[in-house]
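Number of protein chains: 2
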Amino acid sequence: MYKRYWDEERETMPREKREKLILEKIKKQLHYVYQEIPFYRDLYDRAGVKPDDVVTLEDFTAKIPVVKKSMLRESQEQHHPFGNYLGANLSPIVRIHGSSGTTGKPTFYAISQKDWEHVAEVHAMCFWAAGIRPSDRVHLATHFSLFIGSWGSLIGVEKLGATAFPIGSGETDRQLNLLWHLGNTVLISTPSYCLHMLETARHQGRDTANSPLRMGIFIGEPGAGIPATKRAIGEGWGISVADCATTSEMTPWTTNCECEERTGMHVFNDAVYTEVVSKDNPNEPVPEMTSGGLVYTHLERESQPMIRFWSGDESRMTNEPCACGRTYPRLPDGVYGRLDDMLIIRGANVYPSAVQKELLEVPGTGVEFRIVLEKKGHLDHATVQVEYNPVYYNNIPAHELPQQLDALQKAAAVKLKNATGVRFDVEVLQPETLERAISKAKRVFDHR
Amino acid sequence: MYKRYWDEERETMPREKREKLILEKIKKQLHYVYQEIPFYRDLYDRAGVKPDDVVTLEDFTAKIPVVKKSMLRESQEQHHPFGNYLGANLSPIVRIHGSSGTTGKPTFYAISQKDWEHVAEVHAMCFWAAGIRPSDRVHLATHFSLFIGSWGSLIGVEKLGATAFPIGSGETDRQLNLLWHLGNTVLISTPSYCLHMLETARHQGRDTANSPLRMGIFIGEPGAGIPATKRAIGEGWGISVADCATTSEMTPWTTNCECEERTGMHVFNDAVYTEVVSKDNPNEPVPEMTSGGLVYTHLERESQPMIRFWSGDESRMTNEPCACGRTYPRLPDGVYGRLDDMLIIRGANVYPSAVQKELLEVPGTGVEFRIVLEKKGHLDHATVQVEYNPVYYNNIPAHELPQQLDALQKAAAVKLKNATGVRFDVEVLQPETLERAISKAKRVFDHR
């Protein structure tokens, strides 16, 4: 039998004791970045704050300005290629990766030897918590190129001691053949690509609920934290589903990760310190279980350390104990919103993830959808296109289907109106009409 | 300044001393595979040979039967998924990869932890010999999926301590932008893809001969050993070109690798023992500098060890000293033929690589070509399609071009006839007419 924890002392430490360690690491990082990294010295000088002003964790939240993605992009424009926040006196840079943005220049991630080893250790710890064991054969179905998600998964699996099959994304038919032939037991992919694999496997006539897989870890998109998506994946594949990941800048990005209890993501905050703050003021904390923006801090990175990085992700946090015995806080509902992606439709604030959540709760909907926004005269016009789930309507006689889909459409429209306050035209589409993403899905088409 | 060798004692050891070590390793491997691996026990029992029959290196060549690719494929068909030659009492299997064949099921490579570490060490040693140093930034432009060539390059670069940029193949425009932006100094790719990158970079209007690259290591195809291809790559990019690689089954596949003297590939035969044998009888050695088939033996692999693997590659070997000081033998002309790919045209034996070599020596030819074979009546009809090199004809007035290309066609036809004894119809094509390969190029179309 395997041990229960990767690092028992670390993972089950009393909260107060851990917070003391975190505070010490924060102080050390603040001195490092202020002394060695021009980007941070400028930022803190402009804010009139010094490392020694931070005496408590509360000081850290209240006094230290956040770093936004746009600031990193600007720094890299001025200081090719890694910006003026790379760090000094580093162990050798062993890896370069980049943001997976398809438009324009990516932002680049440079990672030192010491940091890469640290990433491997943290990823192994978190994947162990999620349930991977050395006896597993892990099917890694994300694209191996710029996207650091793929590479971070791989070194976590390697460090943990499981067998890695890094096949990448795409060539789905062949990929499924290999999955079955090799008997791979764990899948790591984006939720979107996993759903595409599921549909393709059904086309191949496979009994997907009895695949060799026993669990999946889903990264790159928050989908696996949305109950209906989680259910579609879990029931479709007959597997246990773990939601995981923060954001590329924060590598080791596994520090948000579900344990085997699947009670929302634990926050491994002694590697990446994680705060939930006011959406309007990143220096104002919010109480437990209040929705806010996630702000992350690298406690151990020497290369491109992020200190209070504003992720733009929305969540809420609890310190309620988890049955797994880990004393880390949790995000019980995962990451359920993108503050930067918020749509304003006829004056109302609407998150695409909220539309997704509502839609998937309507019995009969499939997993793929799109939001299309247009101007009609002066008014916003919002349409949701959603596929129906062929499995759900399997036993309905063909001549009754139109009537049933009509009911589905009406139910979805009512649910969306109630939840968002916005009237959406709902179009119900045939299964597999919408294009499938092999990495991150694009679901909002704003033509206004 | 960096040291000259990765492992001086090992690389510069007197030949006799090394051969004693090799013999000891061979004996140990023979006992291991005979005792623990059914595939080899069956093979050797059928051949009536026992490990103790091998007392000298000559015995090894004369008595031990070769393993062919078809035998591995058959073994995997019968014993899913890794065949009955995986090995026993292994350290954990950490990686699964596969042959890159696009038709049918790949053969699978399973590699143990201990072997993967050994692969990293050998790859670092050979890449060091080729000239990579820790200060280099390495652009890895091969597809990261089944193909073990990509992953073997990566762990070699990592172990050596250079910076890895594993971007993969494809999206060539973007890839070139990143290469220039990051200032990458070393390229690892197939020769075909490198030539495609070169053309694309010229289209982008870049001064390719003054790129940030200073050297390239070329794997997956023997192209970089063909003088004209080597020249096209070297002059086009303004880089030093190193030919490298054995074959996937033999991972660590870097054990054929050029040193900085670029005098043909050294054979790092204390990791993979390499023999040149008669094309007709794999138990018959050929003298130095006589052409024959390459047969490879893993001296340290525990997982899927290959003992006398018949590669199907043709080459010749010398023990003449090299100015680099390494005492390994060399393949001074690289790998210049595929015995299994040999074409029979009107009864004559023709190697596609020989056609390539001849063709590229005709001034004015570009780097891409195809051989098309058809039946006309009862006779074989052979056509070579070759693009002309636009740079070569840059200063020719447009009205003179047809005449010049006519001359090119005739010159190529004569050269091919003289070298192969076969009459080829030569068609000269516009530049960039033929499809470019992003991994291995397909150049023979046999419609007979």
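For the record, the sequence lines run as chains R and C.
For the first sequence, position 138 (counting from the first letter as 1) is numbered 138 according to our numbering, and the numbering increases by one without interruption.
If you want our numbering, it's the position in the second sequence, counting the first as 1, plus 1000.
Even for Gly, the Cβ is constructed at its ideal location relative to N, Cα and C.
- Residue 343 (chain R) sits buried, since 16 or more C-beta atoms from the chains shown fall within 10 Å of its C-beta.
- Here residue 1244 (chain C) is actually not in contact with residue 1226 (chain C); their C-beta atoms are around 14 Å apart, not less than 8 Å.
- Residue environment for residue 398 (chain R): exposed (fewer than 16 other C-beta atoms within 10 angstroms of its C-beta).
- Apart from sequence neighbours up to five positions away, the residues of its chain that approach residue 1091 (chain C) with a beta-carbon distance below 6 Å are 1112, 1113 and 1114, ordered along the chain.
- Residues 1131 of the same chain have their beta carbon placed closer than 6 Å to that of residue 1260 (chain C), with the five preceding and five following residues left out of the count.
- Counting along the chain, no alpha helix (DSSP H) covers residue 1145 (chain C), and no H or E run does either.
- Segment contact: the region 1394-1408 of chain C against the region 1200-1212 of chain C, fewer than three CB-CB distances shorter than 8 Å; contact not assigned.
- Fully contained in the region 224-261 of chain R are the following beta strand (DSSP E) runs of length 3 or more, in chain order: 240-243 and 256-258.
- In the DSSP assignment, residue 71 (chain R) falls within the alpha helix (DSSP H) that extends over 69-78.
- Residue 1166 (chain C) has a beta carbon lying within less than 8 Å of a beta carbon in chain R.
- Around the C-beta of residue 1135 (chain C), fewer than 16 other C-beta atoms lie within 10 Å, and the residue is accordingly described as exposed.
- For residue 95 (chain R), the residues of chain C that pass the 9 Å Cβ criterion are 1158, 1163, 1164, 1165 and 1166, in the order they occur in the chain.
- Here residue 123 (chain R) is buried, its C-beta having at least 16 other C-beta atoms within 10 Å.
- In the three-state DSSP reduction, residue 1385 (chain C) falls in the strand class (E or B).
- Neighbourhood of residue 212 (chain R) in chain C, by CB distance below 8 Å: empty, with the nearest CB roughly 11 Å away.
- Rounded to the nearest whole angstrom, the C-alpha separation of residue 155 (chain R) and residue 120 (chain R) is 5 Å.
- The continuous stretches of beta strand (DSSP E) do not include residue 119 (chain R), which lies in the alpha helix (DSSP H) extending over residues 113-130.
- Judged by their CB atoms, residue 195 (chain R) and residue 219 (chain R) are not nearer to each other than the 8 Å cut-off.
- Look at residue 118 (chain R): its C-beta is not under 8 Å from any C-beta on chain C.
- By DSSP's assignment, residue 1297 (chain C) forms a beta bridge with C:1273.
- Of all residues in the region 1136-1151 of chain C, only 1137, 1143, 1144, 1145, 1146, 1150 and 1151 come within less than 9 Å of chain R when Cβ atoms are compared, listed by chain position.
- Residue 406 (chain R): not part of any beta strand (DSSP E); member of the alpha helix (DSSP H) spanning 401-420, first to last residue.
- Here the C-alpha atom of residue 1056 (chain C) lies approximately 10 Å from the C-alpha atom of residue 1026 (chain C).
- Residue 80 (chain R) has a beta carbon lying within less than 8 Å of a beta carbon in chain C.
- In this structure, residue 1359 (chain C) lies away from residue 1391 (chain C), with their beta-carbon atoms at least 8 Å apart.
- Contact of residue 92 (chain R) with chain C is assigned, a C-beta pair being separated by under 8 Å.
- Residues of the region 170-188 of chain R with a Cβ closer than 7 Å to any Cβ of chain C, in chain order: 181 and 182.
- Rounded to whole angstroms, residue 1298 (chain C) and residue 190 (chain R) show a C-alpha spacing of 38 Å.
- In chain order, 1018, 1022, 1255, 1328 and 1329 place their CB closer than 8 Å to the CB of residue 1269 (chain C), counting only its own chain and leaving out the 5 sequence neighbours on each side.
- Per the DSSP secondary-structure output, residue 265 (chain R) pairs in a beta bridge with R:258 and R:331.
- Pairing residue 1083 (chain C) with residue 436 (chain R), the inter-Cα distance amounts to about 36 Å.
- Interface annotation, residue 1191 (chain C): not in contact with chain R, CB-CB separation never under 8 Å.
- Of the residues C:1366, C:1355, C:1326 and C:1428, the one whose Cα lies closest to the Cα of residue 1416 (chain C) is C:1355.
- About 12 Å separates the Cβ atoms of residue 1228 (chain C) and residue 1241 (chain C), ruling out a contact at the 8 Å cut-off.
- The alpha helix (DSSP H) runs lying completely inside the region 1319-1381 of chain C and spanning 4 residues or more are 1352-1360, given in chain order.
- Taking a C-beta distance under 8 Å as the contact criterion, residue 1271 (chain C) and residue 1197 (chain C) do not qualify as a contact pair.
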